[in-house]
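Engineer: My questions all concern the structure below.
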């Protein structure tokens with residue numbers, strides 16, 4: 111036998127044995143499967159080559175050893191996954207050695223297959239040339255022929271599936287767009303090819319893989335693991351299995367569900383909008399950034415190229431395929447109207463109005479035997495809970511709140527403090543905090559007008575119909591509804607300084623190799639601006655009696671290690687075939 115033929119067959123077996131011993135586990139979990147799987151396969155491979163081919167010179171086993179060599183990289187990769195799917199992980203150095211051994215097995219098995227080809231086998235090995243007459247492919251008939259043809263098809267499918275898995279892990283993968291967060295760049299059911307090699311793909315359930323070659327910039331569209339979900343070993347195993355099924359079924363079966371059986375939003379497809387070394391802020395839909403070298407917040411002009419705020423206004427050719435239009439044209443105009451009123455708010459004038467409203471209400475409250483109601487002793491600071499101080503509650507229950515303020519002890523004092531506490535407050539000197547402060551003041555002014563008018567109508571003995579049709583009252587309610595709508599949109603329209611300043615007010619910045627991502631469809635994107643739950647917070651921390659609203663804003667950055675790749679081609683539907691983000695601009 112030729113030296114090369116012998117060496118590469120032996121090396122394949124030796125490194126398979128070494129790899130197998132690195133799969134040993136003594137934990138009572140799925141990792142126990144790894145060593146038996148790899149060592150049994152290796153022993154079969156050893157027996158076939160050493161006993162049947164080397165010693166017995168039985169050429170009928172050439173096809174068997176070829177098939178074993180074709181499968182050995184895949185079997186060892188399965189063992190690698192099983193070993194790391196248990197309750198205990200493996201050390202980084204251990205993973206590196208195991209991966210190196212797997213690479214040797216892969217390379218040596220490929221080279222061994224090269225020398226096992228029929229032409230080279232008999233040309234380079236005289237001992238086999240003399241037995242060439244034995245090497246004849248068996249021809250089956252009848253049922254055996256059907257059976258072996260089926261097995262050939264199964265074999266071809268399994269090898270193709272494993273090859274697809276390796277390609278999907280290290281080269282590219284197909285994804286189906288599940289949401290409208292990237293409208294108009296991507297629509298639901300768009301199929302995209304994601305290039306992964308430059309993003310440093312890793313071996314399953316390990317941190318060992320290719321180096322990251324991609325230098326990400328603002329505007330890049332990336333696919334990345336969702337940091338909102340559990341990152342435990344159990345979760346990662348479940349994610350790997352679901353991704354494996356997703357790959358093998360060519361994106362038709364997705365088992366990546368949460369504990370409630372709902373599909374996880376993982377991985378995500380978003381656009382990089384914040385870079386390492388930046389501190390961000392978003393106000394009125396404009397993204398601002400600053401760095402340590404440039405400490406003044408300035409608009410990120412290119413963000414307007416892809417940020418889509420008014421989906422209702424995009425071309426009908428694209429809009430017809432959009433399922434959810436977050437805002438109507440009328441709602442969008444109302445939002446801009448509120449922002450214009452807020453930006454031009456004269457705080458001195460509003461302070462004078464609030465003082466006057468509080469004074470007039472107190473005058474009404476101090477009248478003797480108001481509607482025959484008796485005063486009730488109430489702890490004024492606890493007059494309303496935080497939940498009751500939301501815009502929705504205050505403007506939808508204005509009559510009952512008015513009667514409470516008129517009837518309880520300290521009602522007028524609470525109302526006066528509520529309307530005027532902000533006057534001596536000083537919000538932080540940044541666009542976001544000042545805008546939120548003004549939003550709080552605007553809501554207080556309209557609520558003050560509403561409650562005062564309710565008190566006046568009660569004093570006049572107005573009927574329910576008269577109250578409902580009163581123009582002053584209706585104007586305050588209408589404005590209150592607009593402000594409430596804006597408070598709901600605030601979760602997507604604006605973002606406080608991120609990362610937040612430290613306790614001493616010093617700016618903090620996105621760390622090295624980390625990025626901030628948002629969806630283009632800003633009103634329909636749960637992205638890195640948001641958590642997956644809401645909490646009740648004051649509209650402004652500067653006002654001790656601020657109104658409250660429910661916020662899901664909890665920004666976070668994403669480390670480079672969680673980025674899987676870049677979409678490089680939208681291939682389905684054919685009507686939308688093209689390179690995503692080619693121009694970097696949204697549809698005009």
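Residue numbers (the numbering used here): 111 to 698. For glycine and all other residues, C-beta sits at the position ideal for the given N, C-alpha and C.
By a C-beta neighbour count over all protein chains shown, 10 Å radius and 16 as the cutoff for buried, is residue 622 buried or exposed?
Structural biologist: Exposed, because fewer than 16 other Cβ atoms sit within 10 Å of the Cβ of residue 622.
Engineer: If you pair each beta-carbon of the stretch 542-561 with each one of the stretch 522-531, do three or more pairs fall below 8 angstroms?
Structural biologist: Cβ pair count under 8 angstroms is three or more, so yes.
Engineer: What three-state label does DSSP hand residue 540 in the structure shown?
Structural biologist: Coil, per DSSP.
Engineer: When the Cβ atoms of the stretch 419-434 are set against those of the stretch 575-595, are three or more pairs found closer than 8 angstroms?
Structural biologist: Output reads no: the stretch 575-595 does not touch the stretch 419-434.
Engineer: Taking Cβ to Cβ, would you say residue 282 is nearer than 8 angstroms to residue 298?
Structural biologist: Taking 8 angstroms as the Cβ cut-off, residue 282 and residue 298 do not qualify as a contacting pair.
Engineer: Run the CB neighbour count on residue 619, radius 10 Å, all protein chains shown included, and call it buried at 16 or more, exposed below.
Structural biologist: The residue is buried, with at least 16 neighbouring Cβ atoms inside 10 Å.
Engineer: Measure the Cβ-Cβ separation of residue 381 and residue 331 and say whether it is below 8 angstroms.
Structural biologist: Result yes, Cβ atoms of residue 381 and residue 331 sit closer than 8 angstroms.
Engineer: If you compare alpha carbons, which of 341, 358, 288 and 411 is closest to residue 635?
Structural biologist: Taking only the C-alpha atoms, the option nearest residue 635 is 288.
Engineer: Count Cβ pairs between the stretch 309-321 and the stretch 386-405 that sit closer than 8 angstroms; are there 3 or more?
Structural biologist: They do not touch, by the three-pair rule.
Engineer: Say whether the stretch 322-330 touches the stretch 213-224, bearing in mind that this needs 3 or more beta-carbon pairs closer than 8 angstroms, one atom from each stretch.
Structural biologist: Touching, no, given that fewer than three Cβ pairs across the two stretches are closer than 8 angstroms.
Engineer: Curious, which full-length beta strand (DSSP E) runs of at least 3 residues does the stretch 637-685 contain?
Structural biologist: Whole beta strand (DSSP E) segments, 3+ residues: 640-648, 658-663 and 673-682.
Engineer: In this structure, how does DSSP classify residue 486 when only helix, strand and coil are distinguished?
Structural biologist: Reliability of the predicted coordinates at residue 486 is poor, the pLDDT of 43 falling under 50, and the value obtained from them is presented with this limitation in mind. Correct three-state label for residue 486: strand.
Engineer: Just to confirm my understanding: we take residue 609, look at its own chain, exclude 5 residues before and 5 after, and list those with CB closer than 6 angstroms. What are they?
Structural biologist: Only 618 meet the Cβ criterion.
Engineer: Drop a sphere of 10 angstroms on the beta-carbon of residue 377, count the other beta-carbons inside from all chains shown, and report buried for 16 or more, exposed for fewer.
Structural biologist: Residue 377 is buried by the Cβ-count criterion.
Engineer: With distances taken between CB atoms, is the gap from residue 406 to residue 537 smaller than 8 angstroms?
Structural biologist: Against a cut-off of 8 angstroms, the Cβ pair of residue 537 and residue 406 comes out as no contact.
Engineer: For residue 458, which option in 535, 322 and 391 has the closest C-alpha, if you only look at C-alpha atoms?
Structural biologist: The residue with the shortest Cα to Cα distance from residue 458 is 535.
Engineer: What number of angstroms, rounded off, separates the C-alpha of residue 180 from the C-alpha of residue 324?
Structural biologist: Rounded to whole angstroms, residue 180 to residue 324 spans 32 angstroms at the Cα level.
Engineer: Using DSSP with H/G/I as helix, E/B as strand and the rest coil, what is residue 369?
Structural biologist: Residue state, collapsed to three classes: coil.
Engineer: Taking the alpha carbon of residue 463 as the point to measure from, which residue in 211, 554 and 278 has its own alpha carbon closest?
Structural biologist: Nearest option by C-alpha distance: 554.
Engineer: Using 8 angstroms as the Cβ pair cut-off and three pairs as the minimum, do the stretch 149-159 and the stretch 118-130 touch?
Structural biologist: Yes: at least three Cβ pairs fall under 8 angstroms.
Engineer: Contact between the stretch 189-204 and the stretch 154-166: three or more CB pairs below 8 angstroms?
Structural biologist: Cβ pair count under 8 angstroms is below three, so no.
Engineer: Give every residue of the same chain whose Cβ lies closer than 6 angstroms to the Cβ of residue 208, excluding the five residues on either side of it in the sequence, and list them in chain order.
Structural biologist: Result list for residue 208: 132, in chain order.
Engineer: The alpha helix (DSSP H) with residue 624 in it runs from where to where?
Structural biologist: It is not in any alpha helix (DSSP H) - residue 624 instead sits in the beta strand (DSSP E) that spans 624-628.
Engineer: If you reduce the DSSP assignment to three classes, tell me which class residue 492 lands in.
Structural biologist: In this structure, residue 492 counts as helix in the three-state DSSP scheme.
Engineer: Name the residue from 365, 212 and 339 whose alpha carbon lies nearest to the alpha carbon of residue 314.
Structural biologist: Looking at the Cα atoms, 212 is the closest of the given residues.
Engineer: Which parts of the stretch 124-173 are runs of the alpha helix (DSSP H), unbroken and 4 residues or longer, counting only runs that do not cross its ends?
Structural biologist: Runs found: 144-156.
Engineer: Can you look up residue 335 in the DSSP assignment and give me helix, strand or coil?
Structural biologist: Residue 335 falls in the coil class under three-state DSSP.
Engineer: Starting from residue 574, trace the alpha helix (DSSP H) both ways and give me its first and last residue.
Structural biologist: Residue 574 -> alpha helix (DSSP H) spans 574-579.
Engineer: Just the Cα atoms here: how many angstroms apart are residue 259 and residue 125?
Structural biologist: Roughly 33 angstroms separates the two Cα atoms.
Engineer: Measure the alpha-carbon distance for residue 601 versus residue 663 and round it to whole angstroms.
Structural biologist: The alpha-carbon atoms of residue 601 and residue 663 are separated by roughly 6 angstroms.
Engineer: Under the assumption that residue 530 contacts residue 465 (Cβ atoms under 8 angstroms), give the Cβ distance between them as a whole number of angstroms.
Structural biologist: Right, the Cβ-Cβ distance comes to about 6 angstroms (below 8 angstroms), so this counts as a contact.
Engineer: Mind checking which residues open and close the alpha helix (DSSP H) that includes residue 232?
Structural biologist: Here the alpha helix (DSSP H) through residue 232 covers 228-234.
Engineer: Using a Cβ-Cβ cut-off of 6 angstroms (strictly less than) and excluding sequence neighbours within five positions of residue 700, which residues of its own chain qualify?
Structural biologist: In the structure as shown, the chain begins at 111 and stops at 698. Residue 700 is therefore absent and cannot be evaluated.
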